[in-house]
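Position 312 of the sequence shown, counting from 1, maps to 294 under our numbering, and the rest follow consecutively.
We put the CB at the ideal spot given by N, CA and C, even for glycine.
Single-structure report; data block below.
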Amino acid sequence: MATRYDSSVTEPKWRERWERDGIYRFEPDSDKPKHYAVTMLPYPSGNLHIGHWYAMSPSDVHARYMRMQGYNVFFPMGFDAFGLPAENAAIKNNLDPRKWTYSNIEYMRGQLQSMGMMVDWQQQIISADPEYYRWNQWFFIQFFKRGLAYKKFSAVDWCPKCNTTLAREQVVGDERRCERCDSLVTKRDLDQWYFKITSYADELLDFSGLDWPERITSMQRNWIGRSEGAEITFKSEAGDPITVFSTRPDTLWGASFMVLAPEHPLVAKLTSAEQKASVDAYVAEAIRKTEVERQSTDDEKPKTGVWIGAYAINPASQERVPIWIADYVLMTYGTGAIMAVPGHDERDFAFATTFGLPIKRVVVQAEQTAATPLEAAEPAYGTVVNSGQIDGLSSTDAKEAVIKWLEAEQLGKRAINYRLRDWLVSRQRYWGTPIPMIYCPTCGTVPVPEDQLPLLLPDEVDFKPTGESPLKLHPTWRFTTCPNCGGEAERDTDTMDTFVDSSWYQTRYLSPHDANAPFTKAIADKWLPVDQYTGGREHAVMHLLYTRFWWKAMRDMGLVSANEPMTRLINQGVILGEDSNKMSKSRGNVIDPDMLVAQYGADTVRTFLMFIGPWEQGGPWNNRGIEGCVRFLDRAWRVVTDTPQRHDAAGNASTLERQTHRIIKKVGDDIQRFAFNTAIAGLMEFVNELMKARETDVYGSEQWRKASEALTLLLAPIAPHIAEELWEFLGHSESVHLQVWPSYDEALLIDESIELPVQINGKVRGKIQVAASADEATIIAAALADEKIAPLVEGKTIVKQIVVPNRLVNIVIK
Ligand code: ANZ
Ligand code: ZN
-17 MATRYDSSVT EPKWRERWER DGIYRFEPDS DKPKHYAVTM LPYPSGNLHI
33 GHWYAMSPSD VHARYMRMQG YNVFFPMGFD AFGLPAENAA IKNNLDPRKW
83 TYSNIEYMRG QLQSMGMMVD WQQQIISADP EYYRWNQWFF IQFFKRGLAY
133 KKFSAVDWCP KCNTTLAREQ VVGDERRCER CDSLVTKRDL DQWYFKITSY
183 ADELLDFSGL DWPERITSMQ RNWIGRSEGA EITFKSEAGD PITVFSTRPD
233 TLWGASFMVL APEHPLVAKL TSAEQKASVD AYVAEAIRKT EVERQSTDDE
283 KPKTGVWIGA YAINPASQER VPIWIADYVL MTYGTGAIMA VPGHDERDFA
333 FATTFGLPIK RVVVQAEQTA ATPLEAAEPA YGTVVNSGQI DGLSSTDAKE
383 AVIKWLEAEQ LGKRAINYRL RDWLVSRQRY WGTPIPMIYC PTCGTVPVPE
433 DQLPLLLPDE VDFKPTGESP LKLHPTWRFT TCPNCGGEAE RDTDTMDTFV
483 DSSWYQTRYL SPHDANAPFT KAIADKWLPV DQYTGGREHA VMHLLYTRFW
533 WKAMRDMGLV SANEPMTRLI NQGVILGEDS NKMSKSRGNV IDPDMLVAQY
583 GADTVRTFLM FIGPWEQGGP WNNRGIEGCV RFLDRAWRVV TDTPQRHDAA
633 GNASTLERQT HRIIKKVGDD IQRFAFNTAI AGLMEFVNEL MKARETDVYG
683 SEQWRKASEA LTLLLAPIAP HIAEELWEFL GHSESVHLQV WPSYDEALLI
733 DESIELPVQI NGKVRGKIQV AASADEATII AAALADEKIA PLVEGKTIVK
783 QIVVPNRLVN IVIK
């Protein structure tokens, strides 16, 4: 009889053995088919939380399963080590961000190792290592050379607390708060670097070949926001062309006024002397408001605006239309000017109503006529009216006709607009990758020569957030000579957005120490793209869009050949506190994984996390639930290792065989689709079946041995330590993690069938064949449908139906 299982002894023992034997070592050259699994790398905040466990350990289960399926699996891990928290800790506690980060990494690596993942730590990457960020700089320079990185002076979103610029994606909510610190975001004019993600906008809308969740692709689609329409040029009465973007060129005849964004460059020129004072006042006010305040489609919110004292000519109707400015028109979208069609656009309708401007119907529905009054804007497509030569066309056909006409008359052209903006990458902070650019008064912007990379971060800096990069305040760092002319020059003192680091890291894992290239081509050609990516869905529009952009840029540089970086993506849900609220220190509902591991062992924590519910949904933590998993693993342990008290009752080896084959199929299928909870539920049931079988003479038989081995193998991905211990107990010397996933026989999946006699009023009248596991309702239905029984009960009243399990069916009729 085996001793009780003690995770505190057994788990570290196996992890040491795995490490010693190198069973998880990356073998890029093996002949087996490759499977590259990546889970989003953690930020070294200092402590692993239960959310990390929830994201990573099930990913490890799938990776291990694929390995047992015969794949050469690579499942690496790293640290997303640059970023603001390190710098903020430095400011607050007077610590060196480097020390803070690297000591957190040391600690967290230990925590990660306690999970028992199949990670080869020799392949780890740390984005703050110069050997890593040097390639960020190299890519930056390649992007610059290819026109994918450019500098622009512009008003950018600025977090006054973090003292840095934010990418549009980092400004959250209607109130426009900083994603990190929740401060209200303001604007600032700065000279900034951008990556030209917009040049891939159309390609980024194409998700073909990707097995990604629909919610992620649709968020990306909305984020990119492609609108098809036309640019149409109106002319002011003085002859200045004013171009608008419209998705509804079919409504051109209904454009009864124009609206320019207050910042529009023509405002100053077109404004009349009489209107100048009120226009200036309005412009000053609008610039202070945030974009979202301005964009709000809230019906309650009154529309504001000012007539600028000028008119334009509608190029289709030749009508004279007044030109207004209003803050609901944004300078950052389209052309910053619109043709207002109040009959069919809600915002224009509200504006026209407020200011008494003409509202004209140019679209009708079936039950309407050209004279039907408009009570509100009617944005729906229909049939065109009151529009000269295009009257009678459907809105869709009219769009095409108007675009063709505009193009022929040189009054406009077909146009596509995107909501997507270029990726702002400059950050005025220290703890990031220095931007490898030099400004020479003679030669202009010159990249740092590639053989001088990495351009290292200086050690001694003052971190005080001043709004300027600490690199700029360093006494010497920024002063250099021009690589071109040798004259005095200055470095760019900003660092890169940390999303740069995570945009290509999956390629670096393959060859983390390559000193000649971002990754070793021969290995990358074989291993990329990533087959399975896992992580949180909060990364839908930043990381997951940036990494697709980066990949396409790498493809166009000839570095990779596939079109997408990660073929299959699965997002885990969120683990909530036991009170179903988000875990937070202030609520006191935070679950500490270290304590759980100390109390129950990693295998139990892994098992419970996967048992909580569908992985993609997440759910609340439950302290009672974990006890259930303790009992399950304990029973699994005992069923294999304990000798039963008695095992002399008659058992059925073929039933056990069927149960075994069925669970093999179920667990494999479930893990394959990341349905861990049902896989574990199935295993729990199987352990119960084994518990029963072991009290019978099946115990000790060949089939018994097969069933216990199958149980151990099926447990291996989920509870890798216990499975290893059981495997050894079963007499094997090679690791369970090097074994092949057990196979099943289709024929044995079909339920065993039994024969039941069917009585009518106590007399046997027939026999039926039903599945051994059939429930009562199925058995009765089969009995009533039987060709001998059916005619006997026809027209009679059934008084009672009795099923004696495994024995008989009795139907009492009158
Ligand atoms: C005339 C029109 C008639 C419009 C109609 C809509 C409905 P999406 O779909 O988001 O691309 N627009 C264009 N530029 C704008 C700007 N800078 N600020 C605010 N609004 C702007 O929206 C495109 C529509 O939004 C455009 O089509 C334009 O109004 C407005 F029945 O033109 B439309
Ligand atoms: Zn120069």
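Look at residue 192 and residue 203 and say whether their C-beta atoms are less than 8 Å apart.
Translated into the one-based positions of the sequence shown, residue 192 becomes position 210. Translated into the one-based positions of the sequence shown, residue 203 becomes position 221. For residue 192 and residue 203, no; Cβs fall outside 8 Å.
Could you check what DSSP says for residue 615 in three-state terms: helix, strand or coil?
Here residue 615 is taken as the residue at index 633 of the sequence shown, counted from 1. Residue state, collapsed to three classes: helix.
Would residue 322 and residue 397 be called neighbours here (beta carbons separated by less than 8 Å)?
Numbered from 1 along the sequence shown, position 340 holds the residue referred to as residue 322. Numbered from 1 along the sequence shown, position 415 holds the residue referred to as residue 397. No, the pair does not count as a contact, with Cβ atoms beyond the cut-off.
State the DSSP-derived secondary structure class of residue 399, mapped to helix, strand or coil.
Residue numbering aside, residue 399 sits at position 417 when the sequence shown is read from its first letter. Note: residue 399 maps to strand in three-state DSSP.
Less than 6 Å between C-beta atoms, sequence neighbours within five positions excluded: which residues of the same chain meet that for residue 324?
For the purposes of this step, residue 324 is taken as residue 342 along the sequence shown, with counting starting at 1. Excluding positions up to five away in sequence, the list reads 330, 331, 334 and 341.
Count the other CB atoms, across all protein chains shown, that sit within 10 Å of the CB of residue 516; report buried if there are 16 or more and exposed otherwise.
Position 534 of the sequence shown holds residue 516. The residue in question, residue 516, is buried, as its Cβ has 16 or more Cβ neighbours within 10 Å.
So residue 573 and residue 565 are supposed to be a Cβ contact under 8 Å. How far apart are they, rounded?
Taking the first residue of the sequence shown as position 1, residue 573 is located at position 591. Taking the first residue of the sequence shown as position 1, residue 565 is located at position 583. That pair is a contact at about 7 Å.
Same chain, Cβ closer than 6 Å to residue 527, neighbours up to 5 away in sequence not counted
In the sequence shown, the residue the question calls residue 527 occupies position 545. If we look at residue 527 and ignore the five residues flanking it on each side, its Cβ neighbours are 202.
Quick one: grab the DSSP three-state call for residue 671.
Here residue 671 is taken as the residue at index 689 of the sequence shown, counted from 1. Residue 671: helix per DSSP, three-state reduction.
Within the region 310 to 346, note down every full beta strand (DSSP E) run reaching 3 residues or more, in order along the chain.
319 to 322
Could you please go through the chain and list the residues whose beta-carbon is closer than 5 Å to any non-hydrogen atom of ligand 1?
209, 227, 228, 229, 230, 233, 311, 312, 315, 316, 320, 323, 326 and 327
Between the beta-carbon of residue 669 and the beta-carbon of residue 638, is there less than 8 Å?
Translated into positions along the sequence shown, residue 669 becomes position 687. Translated into positions along the sequence shown, residue 638 becomes position 656. Taking 8 Å as the Cβ cut-off, residue 669 and residue 638 do not qualify as a contacting pair.
Residue 785 to residue 775, Cα distance in whole Å?
As a position in the sequence shown, residue 785 is number 803, starting the count at 1. As a position in the sequence shown, residue 775 is number 793, starting the count at 1. About 17 Å.
How many angstroms separate the CA atom of residue 208 from the CA atom of residue 402?
Along the sequence shown, read from residue 1 onward, the residue named residue 208 stands at position 226. Along the sequence shown, read from residue 1 onward, the residue named residue 402 stands at position 420. Residue 208 and residue 402: Cα-Cα distance of roughly 8 Å.
For residue 356 and residue 148, the rounded distance between their alpha carbons
As a first step, residue 148 is located in the sequence shown; it is residue number 166 there, counting from the start. As a first step, residue 356 is located in the sequence shown; it is residue number 374 there, counting from the start. Straight-line Cα distance between these residues: approximately 43 Å.
Spatial neighbours of residue 813 within its chain, please: C-beta separation below 8 Å, excluding the five flanking residues on both sides.
Coverage of the chain is limited to positions -17 through 796, which leaves residue 813 absent and any answer about it impossible.
On the DSSP letters alone, give me the boundaries of the beta strand (DSSP E) that residue 33 sits inside.
If you number the sequence shown from 1, residue 33 lands on position 51. No beta strand (DSSP E) holds residue 33; the alpha helix (DSSP H) holding it covers 32 to 50.
Given that a residue counts as buried once 16 or more other Cβ atoms are within 10 Å of its Cβ, and exposed if not, what is residue 279?
For this step, residue 279 is matched to residue 297 along the sequence shown. Because residue 279 carries a pLDDT of 49, less than 50, the predicted location of this residue cannot be relied on, and the following value inherits that uncertainty. Around the beta-carbon of residue 279, fewer than 16 other beta-carbon atoms lie within 10 Å, marking it exposed.
Measuring only the C-alpha atoms, how far is residue 0 from residue 100?
Along the sequence shown, read from residue 1 onward, the residue named residue 0 stands at position 18. Along the sequence shown, read from residue 1 onward, the residue named residue 100 stands at position 118. Rounded to whole angstroms, residue 0 to residue 100 spans 9 Å at the Cα level.
Completely contained alpha helix (DSSP H) runs for the region 585 to 665, where each covers 4 or more residues:
605 to 623 and 635 to 654
Same chain, Cβ closer than 6 Å to residue 117, five either side skipped, listed in chain order:
As a working mapping, residue 117 is identified with position 135 in the sequence shown. 500, listed in sequence order.
Assuming the contact rule is C-beta atoms closer than 8 Å, residue 307 and residue 366 should be a hit. Round their C-beta distance to whole Å, please.
Working through the sequence shown from its first residue, we reach residue 307 at position 325. Working through the sequence shown from its first residue, we reach residue 366 at position 384. The pair is not a contact, with the Cβ atoms about 29 Å apart (cut-off 8 Å).
Length of the line joining the Cα atoms of residue 752 and residue 735:
For the purposes of this step, residue 752 is taken as residue 770 along the sequence shown, with counting starting at 1. For the purposes of this step, residue 735 is taken as residue 753 along the sequence shown, with counting starting at 1. Distance between the alpha carbons of residue 752 and residue 735: 5 Å.
Where residue -3 falls, given that 16 or more other Cβ within 10 Å makes a residue buried:
The residue you call residue -3 lines up with position 15 of the sequence shown. Answer is buried; the Cβ neighbour count reaches 16.
Please work out which residues of its chain come closer than 7 Å, Cβ to Cβ, to residue 346, disregarding the five sequence neighbours upstream and downstream, and give them in chain order.
Residue mapping note: residue 346 aligns to position 364 of the sequence shown, counting from 1. If we look at residue 346 and ignore the five residues flanking it on each side, its Cβ neighbours are 352, 354, 364, 365 and 367.
Would you check whether ligand 3 has a heavy atom nearer than 7 Å to the C-beta of residue 63?
Ligand 3 is not among the ligands present in this structure, which contains only ligand 1 and ligand 2.
I need the boundaries of the beta strand (DSSP E) containing residue 392, first residue and last residue.
Residue mapping note: residue 392 aligns to position 410 of the sequence shown, counting from 1. First-last for residue 392: undefined, no H or E at that position.
For residue 477 and residue 415, believed in contact at Cβ under 8 Å, the rounded distance:
Counting from 1 along the sequence shown, the entry for residue 415 is found at position 433. Counting from 1 along the sequence shown, the entry for residue 477 is found at position 495. The pair is a contact, with the Cβ atoms about 6 Å apart (cut-off 8 Å).
Are the region 300 to 317 and the region 212 to 232 touching, with three or more C-beta to C-beta distances below 8 Å?
yes
Measure the Cβ-Cβ separation of residue 139 and residue 150 and say whether it is below 8 Å.
Here residue 139 corresponds to residue number 157 of the sequence shown, with the count starting at 1. Here residue 150 corresponds to residue number 168 of the sequence shown, with the count starting at 1. Yes.
Mind checking residue 780: buried by the 16 CB within 10 Å criterion, or exposed?
One-based indexing of the sequence shown puts residue 780 at position 798. Counting Cβ neighbours within 10 Å, residue 780 comes out exposed, since fewer than 16 surround it.
Element boundaries [beta strand (DSSP E), containing residue 127]
On the sequence shown, residue 127 is found 145 positions in, with the first residue counted as 1. No beta strand (DSSP E) holds residue 127; the alpha helix (DSSP H) holding it covers 112 to 127.
Given this structure, state the Cα-to-Cα distance separating residue 274 from residue 546, to the nearest angstrom.
Position 292 of the sequence shown, counted from the first residue, corresponds to residue 274. Position 564 of the sequence shown, counted from the first residue, corresponds to residue 546. Low confidence applies to residue 274: its pLDDT is 49, below 50, so where it sits in the model is not reliable, and the reading given next is rough at best. Going by the C-alpha atoms only, they are around 33 Å apart.
How about residue 189 and residue 180: are their beta carbons less than 8 Å apart?
Counting from 1 along the sequence shown, the entry for residue 189 is found at position 207. Counting from 1 along the sequence shown, the entry for residue 180 is found at position 198. No, the pair does not count as a contact, with Cβ atoms beyond the cut-off.
Identified DSSP bridge partners for residue 495
The residue labelled residue 495 in the question sits at position 513 within the sequence shown. Paired residues: none, contrary to the question.
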